[in-house]
Structures are given as C-alpha cells and as structure tokens.
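Counted from 1, the sequence shown has number 94 at position 28 by the numbering used here; the numbering is strictly sequential.
Note sheet for the following structure.
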Amino acid sequence: MSNLPLAEIERAYAVKVNGGTVIIVDGYTSGYGGSIDVWRSPALIDPPLFYALAVPGNCGFNPNHCPTRVPTTDAKEFPGNYPTIQLQHASGRTLVKATKSFPEQPTSQPSNHSVSTAPSSASTSSTLELGWTAVHDFMPPGPAKLRVKGVIMMPTPGYRLNLTRATPQGINPAILLLNLDITPPTGIQPQVLTPTPVAYEEQSNERYRSVQIEPIHELVDVQEVH
Numbered sequence: 067m068s069n070l071p072l073a074e075i076e077r078a079y080a081v082k083v084n085g086g087t088v089i090i091v092d093g094y095t096s097g098y099g100g101s102i103d104v105w106r107s108p109a110l111i112d113p114p115l116f117y118a119l120a121v122p123g124n125c126g127f128n129p130n131h132c133p134t135r136v137p138t139t140d141a142k143e144f145p146g147n148y149p150t151i152q153l154q155h156a157s158g159r160t161l162v163k164a165t166k167s168f169p170e171q172p173t174s175q176p177s178n179h180s181v182s183t184a185p186s187s188a189s190t191s192s193t194l195e196l197g198w199t200a201v202h203d204f205m206p207p208g209p210a211k212l213r214v215k216g217v218i219m220m221p222t223p224g225y226r227l228n229l230t231r232a233t234p235q236g237i238n239p240a241i242l243l244l245n246l247d248i249t250p251p252t253g254i255q256p257q258v259l260t261p262t263p264v265a266y267e268e269q270s271n272e273r274y275r276s277v278q279i280e281p282i283h284e285l286v287d288v289q290e291v292h
C-alpha cells in the first residue's frame, strides 16, 4: 500500500455501474489542491477492503502554516460489482453497502466509526450532486483565492460541466452566486452513471459566507484558511 496517510472521511458512497463499482468519498486532506485517493487492498477477503488515502496538496511559500483540514470530494471507479465494501479511513473501518442508485437514508453498518452513506443533496431529474466544497485561501503571499469543487453523477459519460460567476450577483454580498452549465455529450453514449467533477476558482478578498449554485439551488458553506 502507498505510504500516504489515511484520510479523514465524513461520508462514503458505493454505487454499482455496468461491470463496476464507483466509490465516492467526502472528507479532508492537507494543503491546496489535494485529494483523496481510494486504493483497493490486494488481500482476497470478503467484503473487499479499500483504503481512503489523503493526497496532500501544495502548501505554498509557508509550509509551517500549511492547512491540515481542507474539505474535498473525490470519486473512483473499480471493476466488479460488490454488494458491500470495507473502507479503511483515519477513524477506523466502515462497511458500505453498494446500491444501484443513492439511498434516501444511511445504509452503512459502521465499525469503529460511523460514516453516512446518505447523499449530501437531493437529486434532480438527470443529475445527483455527490458533494461540494468551497475553500477560501488567504495564506500568504496571496492573492487570496476561492476554490469551489463538486462531483455530480451524470446519466452517461461525455457530459461537460462548467461553473461561471453569475451576472448580476444577488442582494447578499456574503453569498457568491455561480451558474452550473451542463453540456450533454454528442452521439450515442453507454447508459452508465458517471461521476463527473467540476471546479471553479477566482481571486477575491471578499469575505464570502457561502456559495450558491444555480439552477440546482445548492448552498455551500465557505471554509477560510489562513
């Protein structure tokens, strides 16, 4: 296994797709632009064991003040349909039941630590938001940058997602309004649920409390790092 540390996880999902299982994790890593990498253990055990590893990001010019708890959402697909997986993370090991779609209520059976498998937001007719994070980086030397990241389950591969700043903005200056643009694929695509990432970044010293994403009405709390 990699020498990377185990990640702190808040939520975990497992969804069966054609011939594979997509594992989505909501949690924390260190630095800016870091991620969570899910790695399968070679051990032949049932249920199969997976590790959630924290991949650190960039600490900038002052590593002594590197943020250690930056929220992130990541997804990874593995071959094989598994009814249940074991996910090892920083707080223990959790059993996560795989589903063909996302459950309305938590279905995990925790061991040592509870990780919810309930979705973080409601689905629309063609998409399901798997998780959003918004981090405002005020670390020197600047300039300050706001980074918004999300993962949306799309009905097929090939969708292109883009976040843009809404014009005009709303009446509350503490809430940044972003528009989510969805461009469907061209041609015939396999009917396979596909986790599709989207990200937005802007330089700003404005103290935002939250980011609102339309037209899906998603409100994301902003975490500041200094």
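All C-beta atoms in this analysis are idealised placements derived from N, C-alpha and C, irrespective of residue type, glycine included.
Quick caveat: nothing in here was measured; it's all calculated off a predicted structure.
Beta-carbon proximity of residue i to residue j, cut-off 7 Å
i, j, result
"Ile89", "Lys142", "yes"
"Pro251", "Gly208", "no"
"Tyr297", "Leu229", "The question about residue 297 has no answer here: the residues shown for the chain are numbered 67 through 292."
"His202", "Glu268", "no"
"Val277", "Ala200", "yes"
"Gln154", "Tyr117", "yes"
"Trp198", "Val288", "no"
Alpha carbon of residue i to alpha carbon of residue j, nearest angstrom
i, j, result
"Pro149", "Lys163", "6 Å"
"Gln255", "Lys82", "18 Å"
"Arg273", "Pro114", "44 Å"
"Ala188", "Arg159", "For Ala188, the predicted model reports a pLDDT of 31, less than 50, meaning its position is unreliable and no value from the coordinates is stated."
"Pro261", "Glu284", "17 Å"
"Val214", "Asn130", "24 Å"
"Ala232", "Ile282", "14 Å"
"Pro133", "Gly253", "44 Å"
"Val91", "Leu161", "13 Å"
"Ala73", "Ala109", "20 Å"
"Pro71", "Arg77", "18 Å"
"Ile111", "Leu259", "27 Å"
"Gly236", "Asp247", "18 Å"
"Arg106", "Asn238", "45 Å"
"Gly146", "Ile279", "34 Å"
"Phe144", "Ala240", "40 Å"
"Arg275", "Thr165", "34 Å"
"Asn69", "Asp140", "19 Å"
Sheet register partners of residue i (DSSP bridge)
i, result
"His283", "Paired residue(s): none; His283 is not in a bridge."
"Arg135", "BP columns for Arg135 are empty, so no partner."
"Arg231", "Leu244"
"Pro145", "Gly86"
"Asp140", "Val91"
"Leu259", "Paired residue(s): none; Leu259 is not in a bridge."
"Glu272", "According to DSSP, Glu272 bridges with nothing at all."
"Asp203", "Lys211, Val291"
Other residues of its chain near residue i: CB distance less than 6 Å, five sequence neighbours each side excluded
i, result
"Gly123", "Gly97, Tyr98, Gly99, Gly100"
"Pro263", "Val217"
"Leu212", "His202, Glu268, Ser270"
"His179", "The predicted position of His179 is uncertain, since its pLDDT is 36 and thus under 50; a value taken from the coordinates is nonetheless stated next. Correct list, in chain order: Ser157, Gly158."
Contacting residues, own chain, Cβ-Cβ under 7 Å from residue i (five flanking each side not counted)
i, result
"His292", "Phe204, Met205"
"Arg226", "Thr249"
"Thr95", "Ala73, Ser101, Ile102, Ala120, Val121, Pro122, Gly123, Val136, Thr138"
Assumed close pair residue i, residue j - CB separation to whole angstroms, cut-off 8 Å
i, j, result
"Gly86", "Ile75", "Incorrect: roughly 21 Å between the Cβ atoms, too far for contact."
Sequence-distant residues of the same chain with beta carbon closer than 8 Å to residue i, five excluded per side
i, result
"Leu244", "Val214, Leu229, Thr230, Arg231, Ala232, Tyr266, Val277, Gln278, Ile279, Glu280"
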